[in-house]
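2 protein chains.
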Amino acid sequence: MQYHKIDQNDLDILKTYISDDERFITKPTEHWDHDQFKTVRAMPDLVIQPVTNEEVTKVVKYASDHNIPLVPRGNSTGLMGANLTVDGGISLDMIKMNKILEYSPESLNMTVQAGIRLKDIEEFLADKPFTYMPAPAMHWAAIGGNVDTNAGGLKAIKYGVTREHIRELKVALTDGKLYKFGSKAVKSASGYSLKDIIIGSEGTLGVVTEVTIRLYPRPRKAINAIIPFPTLDDAIKSIPAILASGVVPTTVEFMGRKVIQLWEKYYNETFPISEGDGFIILGIDAFTDEELQAELKQALAATKPFNAMKAVVLDADSEEAKKIWACREALLLAIQKSTPKMDEVDICVPINHIPDVLHRIDELEKEQNMRIPNFGHAGDGNLHIYLCSDDMSDEEFKKKSDYVITELYKTAKSLDGNMSGEHGIGYARKDWFESYYGKDYTDILRKIKRVFDPNYVINPDKIFPAE
Amino acid sequence: MQYHKIDQNDLDILKTYISDDERFITKPTEHWDHDQFKTVRAMPDLVIQPVTNEEVTKVVKYASDHNIPLVPRGNSTGLMGANLTVDGGISLDMIKMNKILEYSPESLNMTVQAGIRLKDIEEFLADKPFTYMPAPAMHWAAIGGNVDTNAGGLKAIKYGVTREHIRELKVALTDGKLYKFGSKAVKSASGYSLKDIIIGSEGTLGVVTEVTIRLYPRPRKAINAIIPFPTLDDAIKSIPAILASGVVPTTVEFMGRKVIQLWEKYYNETFPISEGDGFIILGIDAFTDEELQAELKQALAATKPFNAMKAVVLDADSEEAKKIWACREALLLAIQKSTPKMDEVDICVPINHIPDVLHRIDELEKEQNMRIPNFGHAGDGNLHIYLCSDDMSDEEFKKKSDYVITELYKTAKSLDGNMSGEHGIGYARKDWFESYYGKDYTDILRKIKRVFDPNYVINPDKIFPAE
């Protein structure tokens with residue numbers, strides 16, 4: 001695409017839309033040139049930090065009318081470069097639109113501005129009987145970014161992902177108007193669900209400015225346990241049995257001894273469970289202790305045929321429990337510390353096919369002589385797979401990782417899985433999209449993109465190639 | 001729209017696509033001219049009952065290429081005329097595509113053809129540890145129709161509606177190709193969710209041929225109770241308190257003495273609870289009896305400040321319990337028996353605003369001198385409101401019901417609700433859509449319609465007017 005490069009005339013006009021000088025940044029610093037992963041870097045020509053819907057709608061319309069790329073940005077916890085101005089233009093940094101607009105326990109709704117962090121929502125709700133149920137690990141992510149990637153998290157098995165907890169969105173479209181998609185009511189059979197098109201669209205269709213989330217009664221009781229198995233294979237194979245046991249856990253995570261050893265090495269720690277090579281972390285919540293214990297007992301019984309060893313309850317105030325949690329939470333950082341560069345594959349497959357993916361990873365590790373540590377949301381079939389550069393040159397790493405990424409996508413596709421469970425496609429993976437989902441399918445997405453964004457200026461070159 | 005009228009040449013070609021003569025019906029009977037409600041009647045020029053995806057894709061492509069309207073049809077349990085050939089053309093009757101294609105407990109998925117009835121899915125799962133959780137009251141509805149209207153049901157509070165239980169769809173589009181939308185994996189952050197556009201689209205974008213549903217562990221324990229209140233107002237006002245009590249019920253339904261009296265009259269019965277004018281039916285499920293009882297106790301405690309009287313547990317094998325269930329299940333039929341003609345409004349409002357709607361209904365009943373009985377899914381804010389013709393002339397009933405419908409939509413809109421919670425817009429309500437949601441919003445839907453159906457032949461003139 002050919003875009004108009006922002007000039008002084010544009011700056012003069014855009015400036016009139018924004019009431020404070022310090023929210024109109026004509027010389028952006030590197031703060032705005034990357035996301036969490038830093039694999040893609042792109043410096044915007046202009047950063048605008050709106051504080052009102054009106055500022056957003058005016059800027060979006062101007063960008064569309066004048067063929068200037070505009071990329072909405074949350075708190076930059078993304079991994080796939082979705083928030084970067086890869087074609088230059090305006091970075092619309094939403095982080096100052098961070099207010100709670102309405103807390104309505106009587107309708108079980110709460111409305112916030114899109115730039116508020118999950119952390120701030122959690123803090124606001126801490127002393128109230130409700131919670132925002134999705135639990136993405138990145139607590140400092142902006143809720144608008146969570147909407148744009150349909151963020152998953154640790155409780156998807158029981159409670160679903162972001163999509164299931166969003167009632168209403170306010171979205172600025174390229175015509176300069178603010179639209180309400182969805183409603184504060186629970187159900188709808190009233191035409192195509194535009195809300196559901198926006199959720200997961202990675203900011204490519206419009207700019208989400210307000211989000212009404214579902215307030216969910218905070219569970220009274222919750223328990224987490226770690227179950228060791230002789231092998232990771234045993235651990236993984238127990239998962240369908242757990243999920244068929246009649247218990248609906250909140251969380252089923254897996255991790256293997258190999259990843260844990262990275263944590264031991266880079267954090268100078270010792271994992272408290274010395275036996276077993278594979279581990280399941282199981283979370284359960286309920287209204288009563290009796291229910292909690294009965295469900296835990298049932299789930300543990302389901303793991304026995306898979307050689308499960310003695311489970312350790314993690315909520316106890318013991319050193320052992322604390323250390324295991326610390327390890328789980330630091331896994332990604334431990335992997336990052338172990339290699340100069342890394343990349344990630346976030347495929348999601350039917351839950352019974354995780355062993356097929358792990359098997360393919362083993363093959364690729366050997367074949368490519370590349371370390372590929374992984375862990376993930378076992379109960380969702382969503383794996384986080386890390387490709388480590390170690391002592392490779394940049395060229396070699398790029399070549400090998402392109403190959404490994406392609407192979408893992410082939411595996412996911414053959415198992416009827418998705419390219420990404422929760423991290424999105426963004427810029428980093430867009431070139432794989434069409435071969436994964438096909439040209440006909442991608443063309444439908446291209447046409448939908450044009451319905452919302454006829455001039456192709458809103459977060460261009462993300463998810464799929466323009467043509 | 002001007003459409004091509006099916007001629008002998010079309011019949012000759014279409015006939016070659018369908019292997020059995022008896023599934024190619026050139027002289028349709030009145031079986032195909034109405035839905036459950038019979039407010040709209042339209043006879044198709046041709047009925048085709050496909051049994052394979054290939055038959056569907058060929059017919060869909062032919063219809064699109066030759067400008068012939070094509071309307072997919074399930075088991076005709078709809079209320080808004082969505083399945084009728086209002087512009088003539090082909091009724092694509094899916095009811096013979098009714099096979100179970102795959103039962104996969106290890107992936108928690110089950111794939112069926114779109115024409116299978118809920119009832120048949122329930123029967124197949126009856127002796128298995130899983131269930132299809134959404135519980136629309138119409139057990140003989142086809143699953144494809146449920147997808148097309150995003151059907152709700154009695155358990156939406158805890159488990160969501162159809163949308164939350166659909167993993168993957170196979171959809172025939174006008175290019176003659178069969179598309180896979182969604183996947184058998186649990187989560188996706190992989191581009192716009194086309195699956196979620198199809199769900200709720202009332203068969204206007206393509207023809208759903210296969211549906212992969214989520215298998216959910218069947219709850220071990222369940223209990224239903226009816227709670228009487230001195231007034232319906234008391235009953236309704238207790239609902240936000242129940243939902244804020246920390247309990248997540250499966251079901252919270254309301255009904256008033258007035259509606260119950262219709263059942264008593266037309267079924268020659270006596271409702272076993274003589275005191276109270278408003279009733280809440282509460283459903284709870286759990287893994288243990290302890291949990292069930294603790295949640296029920298908590299929910300009942302929450303109703304006390306609203307003058308709740310003694311609750312009756314409905315699962316007991318008593319005459320009383322059976323009679324109350326029989327009444328609840330026959331409410332719609334009792335209303336139907338009470339009037340020569342009726343129409344329905346299915347608005348869904350934020351749960352705390354149900355009293356505002358009931359208040360407006362009272363005003364309209366008096367002002368228009370029309371009986372407007374109602375009941376509904378209180379926990380979802382979804383009301384089923386019936387407009388009764390009684391002794392009015394057809395003209396008078398039409399005039400008055402148009403007015404009442406318009407007024408109730410105004411009320412729903414002012415409360416940030418939806419036109420329909422679960423019954424859809426169909427043909428009967430399409431003329432209200434644009435004034436409810438606005439021209440700009442409706443234009444987005446029109447453009448999305450054209451993305452999927454450029455020639456405007458797939459179930460035309462439904463949901464919103466073409467221009």
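The listed protein sequences correspond, in order, to chains A and B. Reading the first sequence from the start, the letters are residues 1 to 467 in full-length UniProt numbering. Reading the second sequence from the start, the letters are residues 1 to 467 in full-length UniProt numbering. From the three backbone atoms N, C-alpha and C, an ideal C-beta is built for every residue, glycine too.
For B:R446, no CB of chain A lies under 7 Å from its own CB, so it is not counted at the interface with that chain. Taking CB atoms only, A:A185 has a neighbour in chain B less than 7 Å away. Contact between A:G176 and A:T57 holds, with the beta-carbon distance rounding to 5 Å and staying under 8 Å. When Cβ-Cβ separations below 7 Å define contact, B:M392 makes no contact with chain A. Contact of B:N382 with chain A by beta-carbon distance below 9 Å involves A185, V186 and K187.
Annotated three-state conformation of A:K221 is strand, per DSSP.
If you keep only unbroken alpha helix (DSSP H) runs of at least 4 residues inside the stretch 331-393 of chain A, you get 354-368. Pairing A:W325 with A:E422, the inter-Cα distance amounts to about 22 Å. The C-beta of B:T231 comes no closer than 7 Å to any C-beta of chain A. Secondary structure at B:Q113: strand, using DSSP grouped into helix, strand and coil. By the neighbour-count definition (other C-beta atoms within 10 Å, threshold 16), B:L364 is a buried residue. Note on geometry: alpha-carbon atoms of B:D12 and B:I68 lie some 15 Å from one another. Using a CB distance cut-off of 7 Å, B:M419 counts as an interface residue toward chain A. The three-state reading of DSSP puts B:L408 in helix, counting H, G and I together. DSSP places B:L125 in no beta strand (DSSP E) but in the uninterrupted alpha helix (DSSP H) bounded by L118 to L125.
Around the beta-carbon of B:A466, fewer than 16 other beta-carbon atoms lie within 10 Å, marking it exposed. Counting along the chain, B:D443 sits inside the alpha helix (DSSP H) bounded by residues K439 to F452. With a threshold of 7 Å between beta carbons, B:V211 makes no contact with chain A. Secondary structure note for A:E55: its alpha helix (DSSP H) is the uninterrupted segment N53 to D65. Between B:E168 and B:S190, the gap from beta carbon to beta carbon reaches 7 Å or more. Close to A:Y441, with beta-carbon spacing below 7 Å, are these residues of chain B in chain order: Y179. The alpha carbon of A:E407 has as its nearest neighbour, out of A:K5, A:H34, A:D356 and A:L296, the alpha carbon of A:D356. When Cβ-Cβ separations below 7 Å define contact, B:Y192 makes contact with chain A.
Setting aside the 5 residues that flank it on each side, B:P219 is surrounded in the same chain by D285, each with a C-beta closer than 6 Å to its C-beta; the list follows chain order. Within the stretch 158-220 of chain A, the alpha helix (DSSP H) runs of at least 4 residues that lie entirely inside it are, in chain order, 194-198. Listed as beta-bridge partners of A:I458 by DSSP are A:L70. Contact with chain A is found for B:R220, since one of that chain's Cβ atoms lies less than 7 Å from the residue's Cβ.
Residues of the stretch 133-154 of chain B that bring their beta carbon within less than 7 Å of a beta carbon in chain A comprise T149, N150 and G152, in sequence order. Using a Cβ-Cβ distance cut-off of 8 Å, the stretch 75-85 of chain A and the stretch 143-154 of chain A are in contact, since at least three pairs of beta carbons, one from each stretch, lie closer than that value. For the pair of segments examined, the stretch 326-343 of chain A was found not to touch the stretch 156-174 of chain B: the number of CB pairs separated by less than 8 Å stays below three.
Taken in chain order, the members of the stretch 258-287 of chain A whose beta-carbon sits within less than 7 Å of a beta-carbon on chain B are A286 and F287.
Around the beta-carbon of B:E367, fewer than 16 other beta-carbon atoms lie within 10 Å, marking it exposed. Contacts between B:V86 and chain A, judged by CB atoms closer than 8 Å, are missing: the closest CB pair is about 17 Å apart. Using a 10 angstroms sphere on the CB of A:Q2, the tally of other CB atoms stays under 16, which defines it as exposed. Residues of the stretch 342-364 of chain A that bring their beta carbon within less than 9 Å of a beta carbon in chain B comprise D346, I347, C348, V349, P350, I351, N352 and H353, in sequence order.
In this structure, the CA atom of B:S420 is about 13 Å from the CA atom of B:P350.
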